[in-house]
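Inspection log for the structure reproduced underneath, given as structure tokens.
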Amino acid sequence: MAYQVQDVCNRFSDLIIDASCTDSWFSRIDSVEGVQSDSLVFISDADSLVNLDSSPAVIVTSAEIASLIEGDASSVLVVKNVRLAQAFIKQQYADYDTADSHWGVIHPSAVIHPSAKLHEGVRVGPNTVIGPDVEIGTNTHIRSNCVIEHSVIIGQNCVINNLVNIGYLCVLGDRVIVRPGAIIGNEGFGFAQDEQRHYHRTPHTGYVDIGDDVQIGSNCNIDRGTYGATTIARGVKIDALCHIAHNVSIDEDALFVAQSGIAGSCNIGKRVIASGQTGMLDHKTVVDDVILVHRCGVTEDVLEPGLWAGTPPRPFKEYVRNLGLGKKVNKLSRELAELKKRQAN
Amino acid sequence: MAYQVQDVCNRFSDLIIDASCTDSWFSRIDSVEGVQSDSLVFISDADSLVNLDSSPAVIVTSAEIASLIEGDASSVLVVKNVRLAQAFIKQQYADYDTADSHWGVIHPSAVIHPSAKLHEGVRVGPNTVIGPDVEIGTNTHIRSNCVIEHSVIIGQNCVINNLVNIGYLCVLGDRVIVRPGAIIGNEGFGFAQDEQRHYHRTPHTGYVDIGDDVQIGSNCNIDRGTYGATTIARGVKIDALCHIAHNVSIDEDALFVAQSGIAGSCNIGKRVIASGQTGMLDHKTVVDDVILVHRCGVTEDVLEPGLWAGTPPRPFKEYVRNLGLGKKVNKLSRELAELKKRQAN
Amino acid sequence: MAYQVQDVCNRFSDLIIDASCTDSWFSRIDSVEGVQSDSLVFISDADSLVNLDSSPAVIVTSAEIASLIEGDASSVLVVKNVRLAQAFIKQQYADYDTADSHWGVIHPSAVIHPSAKLHEGVRVGPNTVIGPDVEIGTNTHIRSNCVIEHSVIIGQNCVINNLVNIGYLCVLGDRVIVRPGAIIGNEGFGFAQDEQRHYHRTPHTGYVDIGDDVQIGSNCNIDRGTYGATTIARGVKIDALCHIAHNVSIDEDALFVAQSGIAGSCNIGKRVIASGQTGMLDHKTVVDDVILVHRCGVTEDVLEPGLWAGTPPRPFKEYVRNLGLGKKVNKLSRELAELKKRQAN
Numbered sequence: 000m001a002y003q004v005q006d007v008c009n010r011f012s013d014l015i016i017d018a019s020c021t022d023s024w025f026s027r028i029d030s031v032e033g034v035q036s037d038s039l040v041f042i043s044d045a046d047s048l049v050n051l052d053s054s055p056a057v058i059v060t061s062a063e064i065a066s067l068i069e070g071d072a073s074s075v076l077v078v079k080n081v082r083l084a085q086a087f088i089k090q091q092y093a094d095y096d097t098a099d100s101h102w103g104v105i106h107p108s109a110v111i112h113p114s115a116k117l118h119e120g121v122r123v124g125p126n127t128v129i130g131p132d133v134e135i136g137t138n139t140h141i142r143s144n145c146v147i148e149h150s151v152i153i154g155q156n157c158v159i160n161n162l163v164n165i166g167y168l169c170v171l172g173d174r175v176i177v178r179p180g181a182i183i184g185n186e187g188f189g190f191a192q193d194e195q196r197h198y199h200r201t202p203h204t205g206y207v208d209i210g211d212d213v214q215i216g217s218n219c220n221i222d223r224g225t226y227g228a229t230t231i232a233r234g235v236k237i238d239a240l241c242h243i244a245h246n247v248s249i250d251e252d253a254l255f256v257a258q259s260g261i262a263g264s265c266n267i268g269k270r271v272i273a274s275g276q277t278g279m280l281d282h283k284t285v286v287d288d289v290i291l292v293h294r295c296g297v298t299e300d301v302l303e304p305g306l307w308a309g310t311p312p313r314p315f316k317e318y319v320r321n322l323g324l325g326k327k328v329n330k331l332s333r334e335l336a337e338l339k340k341r342q343a344n
Numbered sequence: 000m001a002y003q004v005q006d007v008c009n010r011f012s013d014l015i016i017d018a019s020c021t022d023s024w025f026s027r028i029d030s031v032e033g034v035q036s037d038s039l040v041f042i043s044d045a046d047s048l049v050n051l052d053s054s055p056a057v058i059v060t061s062a063e064i065a066s067l068i069e070g071d072a073s074s075v076l077v078v079k080n081v082r083l084a085q086a087f088i089k090q091q092y093a094d095y096d097t098a099d100s101h102w103g104v105i106h107p108s109a110v111i112h113p114s115a116k117l118h119e120g121v122r123v124g125p126n127t128v129i130g131p132d133v134e135i136g137t138n139t140h141i142r143s144n145c146v147i148e149h150s151v152i153i154g155q156n157c158v159i160n161n162l163v164n165i166g167y168l169c170v171l172g173d174r175v176i177v178r179p180g181a182i183i184g185n186e187g188f189g190f191a192q193d194e195q196r197h198y199h200r201t202p203h204t205g206y207v208d209i210g211d212d213v214q215i216g217s218n219c220n221i222d223r224g225t226y227g228a229t230t231i232a233r234g235v236k237i238d239a240l241c242h243i244a245h246n247v248s249i250d251e252d253a254l255f256v257a258q259s260g261i262a263g264s265c266n267i268g269k270r271v272i273a274s275g276q277t278g279m280l281d282h283k284t285v286v287d288d289v290i291l292v293h294r295c296g297v298t299e300d301v302l303e304p305g306l307w308a309g310t311p312p313r314p315f316k317e318y319v320r321n322l323g324l325g326k327k328v329n330k331l332s333r334e335l336a337e338l339k340k341r342q343a344n
Numbered sequence: 000m001a002y003q004v005q006d007v008c009n010r011f012s013d014l015i016i017d018a019s020c021t022d023s024w025f026s027r028i029d030s031v032e033g034v035q036s037d038s039l040v041f042i043s044d045a046d047s048l049v050n051l052d053s054s055p056a057v058i059v060t061s062a063e064i065a066s067l068i069e070g071d072a073s074s075v076l077v078v079k080n081v082r083l084a085q086a087f088i089k090q091q092y093a094d095y096d097t098a099d100s101h102w103g104v105i106h107p108s109a110v111i112h113p114s115a116k117l118h119e120g121v122r123v124g125p126n127t128v129i130g131p132d133v134e135i136g137t138n139t140h141i142r143s144n145c146v147i148e149h150s151v152i153i154g155q156n157c158v159i160n161n162l163v164n165i166g167y168l169c170v171l172g173d174r175v176i177v178r179p180g181a182i183i184g185n186e187g188f189g190f191a192q193d194e195q196r197h198y199h200r201t202p203h204t205g206y207v208d209i210g211d212d213v214q215i216g217s218n219c220n221i222d223r224g225t226y227g228a229t230t231i232a233r234g235v236k237i238d239a240l241c242h243i244a245h246n247v248s249i250d251e252d253a254l255f256v257a258q259s260g261i262a263g264s265c266n267i268g269k270r271v272i273a274s275g276q277t278g279m280l281d282h283k284t285v286v287d288d289v290i291l292v293h294r295c296g297v298t299e300d301v302l303e304p305g306l307w308a309g310t311p312p313r314p315f316k317e318y319v320r321n322l323g324l325g326k327k328v329n330k331l332s333r334e335l336a337e338l339k340k341r342q343a344n
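Residue numbers (numbering that gives the first Met the number 0), protein chains in the order written: chain R, 0 to 344; chain H, 0 to 344; chain Z, 0 to 344.
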């Protein structure tokens, strides 16, 4: 399939500052390393421009980089934000197809309860199981070997990838992407101890409430509330192998990188970023715009925005100072020895 | 469905100290925040009592809190242990239904080997695969899209949730709950190096032996023994995304919180608690009643009960002292500078 | 089934230095603890020899240990490398059967696109879904409830265990083992932020390129490249619950122990060993023959081979010195107090 540059300009006029050769065509999107003569390529730094061996059909870049381009072999689209242009343009022209249209609309091997309500354009892959009273919004794709338990509500234009389990009563907004192997609405880890110190399970009968534009990573686990909801607000993105415990609340546009774990009833603010393998004890609060790095261990509330690291969490500068503690102690040790020597003389 | 308070009193007489209005009825169990006039609610602290906006049908609480309740709009059940009462009463009246009775007893899409022996009351969900010589005890539910390999023995009243894999020869006791996506009986990580420094896999041909009342969390991985068993004793509870390597032995009533990992051949005592993201090196021993917190890294044996943290594990008080090391060193540094200055004068 | 010792000698003559009683037979391979009269047993240390209660049919051991064996009840195979002999001999005589031959060659419940090309000896288990244009090499087994997306190429003699998802366009070499629940070829975690600070997904359209003799652990996640490949070279072994992000490159014979996570575009050298719960920030380089222990946090490049630990990574000796910092500071503090006292007098 080939696309004209003019089509990009028409669709994404708000992203584009300037455009040349809009009658050019491209048929693929590539990285600088893999560029071909019919490629569209995104260039966000001068080094990448230097590494461009041949002329692609289209270069999408910033005004600054565009000024360095010599020759006019390529159509050049000047954009405000190259990364954002890449996200939108790649979604439009080179995204992977989640429709699995080779399996038809509803695969005959899918097991769908007659009371489930599938709106127009819903696709269901082979061996997927959909329980009673489920409602699935327009154009949502449920791929292969999934299990959607009873009374789940899923919005429009969602993609539920292979081997996903969504537990009863959970609610997903629109444009939610659930990656393969994720478990949503599992029962949380809550027990009561008897006099013999044996543990007895407390049933968790709440649900998980997932907002629009959320992404849940592959093989994640999101526990339902003990009562009420575990809440993942609009725009939150969760990477692979994360654990979100019961009754956690994550506010809009927060990012959790892979293998992070959040214990029960934590409150996470807007745009919080937790880098890989972050951990949080239960009932902790992390306010808006906090960034947790270096496997931060949130054993205390984090009540100021900014960069934090360490266990317990410390402002990043303080954390870095403490990393050098060994050298500092060695220096003190030498000075003290000298002082003692001098005093002895 | 509505239940009379007297029914609770009859069933759980050993938990209940005192009861009023036992002819009242309730039809739901809620948290304080979600309470309605037909709710039963558990109250374990005075704050929750204050936050109770309207009168529920039944309050289950301690003697101390009960003395603070004004008015007699609600039936009050005074219990010895509110958390334990919550576990038992919620299990009885408001638990979720693992029978998936909408799919019938054995779903026709399940693939069950004729040599498998399913006792009375066993339920098998859609697309579940059960291999030869499997034996499944009375009233156990195997839900959807699971794979139970050959010669597995599962006890009575177990729940094997969706998308679970139980490997050949593994043995599960009674009332075991396996959460979705868990892998039990995977081959462990064991290799031998040749002269070219390439690795060759050592087959692991043991099994996993899981006692009664064990819970295995979602997306966990439990490796089988190299020879013999990886042992998870009665009452052990393992949270989501944990890793238990080959030939580990975990004794009764131990708790492993999410994302903890235990390397091969560790010995874990009774009632050990490992908080989230705990790690243990292979062949380590952790004795009874140890509590590991703050992502403890068990690089050495832990041979005394009590609270431990840090890598290597230290008694919690010592660990906390070391957290303040940065400030202590700064103080020393200032004192030393002053001393030098005075000495110079 | 019984095997003659001579058969072992014939097959593995390059491993064996000396052999007695090669006309003996064995019918099982056991550990020292489980030994029976018809067992073959591997003994790699003198303690194990002492713990041997009865005479097994065959002892495979080193020359040094062999010299300690009294009596001639057992056939003794003297080998150069006991661990390596165990790997090869156990693979030959006591490995588990991945053919699931009770399900036939291609189970009728498998959903296989007519354009998929399955070479001779390929087996496909119940409920597995294989998309269009997939090619599967000779004697490869795809077990139950897997999803192989379109255009995947899998080599010969591979084992794809239950509940695995392999994403479109991924390429696997020969003799690759994918453990249950692993997700290969998931989209990476890459987003662009707009002016409202909302995140927009950048489609990841590369693939995962897995070499010969690789093993991917259960419930792992391996992201595809943004463009181009995430590369796992020949002989790499990855344990359970690991995360490998987009465009990571792992060179030959590297080992990643359970729950390790590697962020995007890292370059990992040959024979690198990462112990359990290791973490790496994106774009880091770790050179050949580095060993990362104690949950090392690779926040900086590691450019010298050897043993490293800590966050940031430090040579192991330096890391260990820093572990004793608390005691060292206490000592300094006491010395300083004494010095001040003396000076005051």
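Quick reminder that beta carbons are idealized off the backbone N, C-alpha and C, glycines included.
Measuring straight from C-alpha to C-alpha, what distance separates residue i and residue j?
| i | j | result |
| --- | --- | --- |
| E334 (chain R) | T310 (chain H) | 29 Å |
| Y167 (chain R) | Y206 (chain R) | 8 Å |
| I159 (chain Z) | I152 (chain Z) | 12 Å |
| T298 (chain H) | R320 (chain R) | 26 Å |
| Y2 (chain Z) | A115 (chain Z) | 39 Å |
| T225 (chain Z) | S143 (chain R) | 24 Å |
Figure out for me which residue from the options has the closest Cα to the Cα of residue i.
| i | options | result |
| --- | --- | --- |
| E119 (chain R) | R:G136, R:D132 and R:P107 | R:G136 |
| D211 (chain Z) | Z:I183, Z:S73 and Z:V170 | Z:V170 |
| Q214 (chain H) | H:T225, H:H199, H:G227 and H:I231 | H:I231 |
| Y95 (chain H) | R:G305, R:V175 and R:R223 | R:R223 |
| V31 (chain R) | R:L14, R:D52, R:T21 and R:P202 | R:D52 |
Against chain H, does residue i count as a neighbour if the rule is that its beta carbon must be under 9 Å from one of theirs?
| i | result |
| --- | --- |
| E317 (chain R) | yes |
| L338 (chain R) | yes |
Exposed or buried, residue i, counting other C-beta atoms within 10 Å across all chains shown (16 or more means buried)?
| i | result |
| --- | --- |
| N50 (chain R) | exposed |
| N218 (chain Z) | buried |
| E186 (chain Z) | buried |
| I147 (chain H) | buried |
| H242 (chain R) | buried |
| G278 (chain H) | buried |
| G184 (chain Z) | buried |
| G124 (chain R) | buried |
| H140 (chain R) | buried |
Is residue i close to chain R, meaning its C-beta is less than 9 Å from at least one C-beta of that chain?
| i | result |
| --- | --- |
| K236 (chain H) | yes |
| H282 (chain Z) | no |
| D222 (chain Z) | yes |
Does any CB atom of chain Z fall closer than 9 Å to the CB of residue i?
| i | result |
| --- | --- |
| E134 (chain H) | no |
| N372 (chain H) | Any question about residue 372 (chain H) goes unanswered here, given that chain H covers just 0 to 344. |
| G210 (chain R) | no |
| N156 (chain R) | no |
| query | Are there three or more Cβ pairs, one per stretch, closer than 8 Å when the segment 319 to 326 of chain H is compared with the segment 310 to 329 of chain R? | reply | yes
| message | Does the contact criterion of 3 or more C-beta pairs under 8 Å hold for the segment 107 to 115 of chain Z versus the segment 18 to 38 of chain Z? | response | no
| task | Determine, using beta-carbon pairs with one atom in the segment 59 to 74 of chain Z and one in the segment 172 to 183 of chain H, whether at least three such pairs fall under 8 Å. | result | no
| Cβ contact (3+ pairs, closer than 8 Å) linking the segment 251 to 264 of chain R and the segment 251 to 265 of chain H | yes
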